[in-house]
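K.L.:
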Amino acid sequence: MELSFKDKKSQKLFENTIVDNSEEDKLFLEEMANDNEVEVSSSLSLDSLEKIAKKETIVKSKPLEIMEVDDVLNSDIKIQISQLNRIESKQNAILEALEEMSKPTIQKNIENTTTINRDDEDILKLNLELFYTKLIIISTNSKNRDIQNLLITLQDISQHLFSNSFYIFSKDNSPIKEAINMISLIGMGDSILNNHIDKTEKLLKEIDSFGKDKIFQQHYNFANLLLDKGLLLNSITLFNELIGVYIIESIKTYSKNIDRYIQIVGEEDNSKLYSQAKEFIDNIFVKKNKMIPLFPKHIAPKDIDKEIAKKLENINRTWSNRGDKGVFEKYIYISNRVRYIRNRVAHANMDISFKDINSELKKLIIDFNYLAIEKNIFKK
915 MELSFKDKKS QKLFENTIVD NSEEDKLFLE EMANDNEVEV SSSLSLDSLE
965 KIAKKETIVK SKPLEIMEVD DVLNSDIKIQ ISQLNRIESK QNAILEALEE
1015 MSKPTIQKNI ENTTTINRDD EDILKLNLEL FYTKLIIIST NSKNRDIQNL
1065 LITLQDISQH LFSNSFYIFS KDNSPIKEAI NMISLIGMGD SILNNHIDKT
1115 EKLLKEIDSF GKDKIFQQHY NFANLLLDKG LLLNSITLFN ELIGVYIIES
1165 IKTYSKNIDR YIQIVGEEDN SKLYSQAKEF IDNIFVKKNK MIPLFPKHIA
1215 PKDIDKEIAK KLENINRTWS NRGDKGVFEK YIYISNRVRY IRNRVAHANM
1265 DISFKDINSE LKKLIIDFNY LAIEKNIFKK
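If you read the sequence shown in our numbering, its first letter stands for residue 915, the second for the next number, and so on.
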């Protein structure tokens, strides 16, 4: 809008009042004077904003005072100045209304935040602590759906661990990955909850990595984990089988024919094969009795049993020539001692303390690690 004055002196006086305004300010005033609609980042209309502004009792910016001029200031000038006052008041009203408006993005974030009440948080803390210390979940009841789903999944993992059933952890749909994703939905809490979450997540990642190992290494890692969590019977049962697993996995490397035969004939019943393997080497290197078959289905030793026995004798002789005499006998001692402890623990009213058994088993695992993992005594 272009302002015009009949009196040149009045025009000059008016121009002096806006000489300090920037070019952008002039454009804004012109738009407001023309009552152009102002775009704002809100769903409220300009009329709504004006209604909100009318409720305000305090105006932050004082309206432009009508200037006192000479009598030559005619009514046209008064009209223009009054119009500027109205524009400025409207501008202040809009700014104040916008300041009071809530921001939609903030509201959206609040609605998406998981709400955890005190009871649910206490249930979560207790169960997470029991899981990473003892591998147990005592309750899955929670009003919070995310927490309840997480606890149900952790309980499923616990049941697999207690039953020494680890195959599920090697599958693509492993509950470990599901549990880790669920933890991310819970978010973070106070320092205590955060600590429980961190330790639980660390344990889950360890279990996940164990599930990807070969069967021998997998048994070894889980046996250590279960013993560390105080699950002695589970650990000793697994460790007892592990001793046979290592023998069979080593024998598979002796030839392609032996490997194929074990897969076709021997692994129809893995537990019996692992148990028979321990008896097989004990009979050869300690008892030194008449040779028994390695494979449970063999009534008497066959050529493949004799071939395997001969290879083992050659390997043992090589260790002796290198100065490591008796390594096979040491391994067999571990095997027999673990089996003895396992039988004692599996029966009620055992006459030895848990502390003593736990201590001895840890030492046996260290010895096993040295012979089977570090030295790999049955390697070809």
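Beta carbons: idealized from backbone N, C-alpha and C, even for Gly.
Can you tell me the Cα-Cα spacing of F1282 and D1173, whole angstroms?
P.N.:
Cα to Cα, the separation comes out at about 24 Å.
K.L.:
P1210 and D1219 - do their beta-carbons sit closer together than 8 Å?
P.N.:
No, Cβ-Cβ distance for D1219 and P1210 is not below 8 Å.
K.L.:
Quick check on the burial criterion: 16 or more other C-beta atoms within 10 angstroms. Buried or exposed for S1164?
P.N.:
So S1164 ends up on the buried side.
K.L.:
Let me make sure I understand the geometry here. Which of E1035, K1294, I1271 and Y1247 has the alpha-carbon closest to that of T1232?
P.N.:
Answer by Cα proximity: K1294.
K.L.:
Can you tell which of K1202, S1003 and I1248 has its C-alpha closest to the C-alpha of K1277?
P.N.:
The option with the nearest alpha carbon to K1277 is I1248.
K.L.:
So, under 8 Å CB-CB, I1161 and F1292 are touching, yes? Tell me the CB distance rounded to an integer number of Å.
P.N.:
Right, their Cβ atoms sit about 6 Å apart.
K.L.:
M1096 lies in the alpha helix (DSSP H); which residues open and close that run?
P.N.:
Note, M1096: alpha helix (DSSP H), P1089 to I1100.
K.L.:
State the DSSP-derived secondary structure class of N1228, mapped to helix, strand or coil.
P.N.:
N1228 falls in the helix class under three-state DSSP.
K.L.:
Flag this pair as yes or no: are the beta carbons of G1158 and K1192 separated by less than 8 Å?
P.N.:
Result yes, Cβ atoms of G1158 and K1192 sit closer than 8 Å.
K.L.:
Quick check: the Cα distance between L1065 and I1082, rounded to an integer number of angstroms?
P.N.:
Straight-line Cα distance between these residues: approximately 18 Å.
K.L.:
Rank L1146, K1128, K1057 and K1170 by C-alpha distance to the C-alpha of S1077 and give the top, closest one.
P.N.:
Looking at the Cα atoms, L1146 is the closest of the given residues.
K.L.:
Which of the three DSSP states is assigned to N1212 in this structure?
P.N.:
According to the sequence displayed, residue 1212 carries His and not Asn. Three-state result, H1212: coil.
K.L.:
Is DSSP giving L963 helix, strand or coil here?
P.N.:
Any reading at L963 is ruled out, since the residue's pLDDT is 49, under 50, leaving its predicted position unreliable.
K.L.:
Can you find the residues in the same chain that come closer than 6 Å, C-beta to C-beta, to Y1168, ignoring five residues on each side of it along the sequence?
P.N.:
Once the five neighbours on either side are set aside, the close Cβ partners of Y1168 are K1225 and K1294.
K.L.:
So, for N1154: in the same chain, excluding its five sequence neighbours on each side, which residues have a beta-carbon less than 6 Å away from its beta-carbon?
P.N.:
Same-chain partners within the cutoff: V1252, R1253 and R1256.
K.L.:
With a threshold of 16 other CB atoms inside 10 Å of the CB of N935, please say whether the residue is buried or exposed.
P.N.:
Caution is warranted here: a pLDDT of 48 is assigned to N935, below 50, making its placement in the model unreliable, and the coordinate value is therefore given only provisionally. Classification of N935: exposed, given that the 10 Å Cβ count is below 16.
K.L.:
Return the Cβ separation of I1071 and S1056 in integer angstroms, given the expectation that the two are a contact with Cβ distance under 8 Å.
P.N.:
17 Å between Cβ atoms; not a contact.
K.L.:
Suppose contacts are defined by Cβ-Cβ distances below 8 Å. Is K1244 in contact with L1275 by that definition?
P.N.:
Cβ atoms of K1244 and L1275: not closer than 8 Å.
K.L.:
In angstroms, rounded to a whole number, what distance separates the CA positions of I1150 and A1214?
P.N.:
If you take the alpha carbons of I1150 and A1214, they lie about 31 Å apart.
K.L.:
Mind listing, in chain order, the continuous beta strand (DSSP E) runs of no fewer than 3 residues lying wholly within the region 1108–1165?
P.N.:
Here no run is fully enclosed.
K.L.:
Among Q1073, K1119 and K1143, whose alpha-carbon lies nearest the alpha-carbon of N1095?
P.N.:
Looking at the Cα atoms, K1119 is the closest of the given residues.
K.L.:
Taking only three categories from DSSP, how would you classify M981?
P.N.:
Only weak support exists for where M981 lies, its pLDDT of 46 falling under 50; the coordinates are left without a value.
K.L.:
Compute the distance between the beta-carbons of M1205 and I1195, then report whether it is under 8 Å.
P.N.:
Their beta carbons are not under 8 Å apart, which means M1205 does not touch I1195 by this criterion.
K.L.:
Helix, strand or coil for K1276? Go by DSSP, reduced to three states.
P.N.:
Correct three-state label for K1276: helix.
K.L.:
First and last residue of the alpha helix (DSSP H) that includes K1039?
P.N.:
Counting along the chain, the alpha helix (DSSP H) containing K1039 begins and ends at R1032 to K1048.
K.L.:
What does the alpha-carbon distance come out to for the pair I1178 and N1171?
P.N.:
I1178 and N1171: Cα-Cα distance of roughly 11 Å.
K.L.:
Under 8 Å by Cβ, that's how I've got K1039 and L1107 pegged, so tell me the actual separation to the nearest angstrom.
P.N.:
Confirmed, Cβ separation roughly 6 Å.
K.L.:
In three-state DSSP terms, what is G1237?
P.N.:
Coil.
K.L.:
Note down the Cα distance separating N1290 from V1241, rounded to an integer number of angstroms.
P.N.:
One C-alpha to the other measures close to 10 Å.
K.L.:
Put H1261 into one of helix, strand or coil per three-state DSSP.
P.N.:
Residue state, collapsed to three classes: coil.
K.L.:
If you draw a straight line from the C-alpha of I1097 to the C-alpha of I1279, how long is it?
P.N.:
So the alpha carbons of these two residues sit roughly 33 Å apart.
K.L.:
Could you check if I1052 is buried or exposed, using at least 16 other CB atoms within 10 Å of its CB as the buried criterion?
P.N.:
So I1052 ends up on the exposed side.
K.L.:
Report the option in Q1131, N1272, T1047 and M1102 whose CA atom is closest to the CA atom of L1117.
P.N.:
Minimum Cα distance to L1117 is reached at T1047.
K.L.:
Alpha helix (DSSP H) containing E1288: first to last residue?
P.N.:
Taken as a continuous stretch (DSSP letters only), E1288 belongs to no alpha helix (DSSP H), as it is neither H nor E.
K.L.:
For S1234, is the classification buried or exposed, using 16 other Cβ atoms within 10 angstroms of its Cβ as the cut-off for buried?
P.N.:
By the 10 Å Cβ count, S1234 comes out exposed.
K.L.:
Per DSSP, what kind of secondary structure is K1017 in: helix, strand or coil?
P.N.:
At K1017 the pLDDT is 42, less than 50, meaning the model places this residue with poor confidence; the figure from the coordinates comes in the next sentence. Of the three classes helix, strand and coil, the one that applies to K1017 here is coil, per DSSP.
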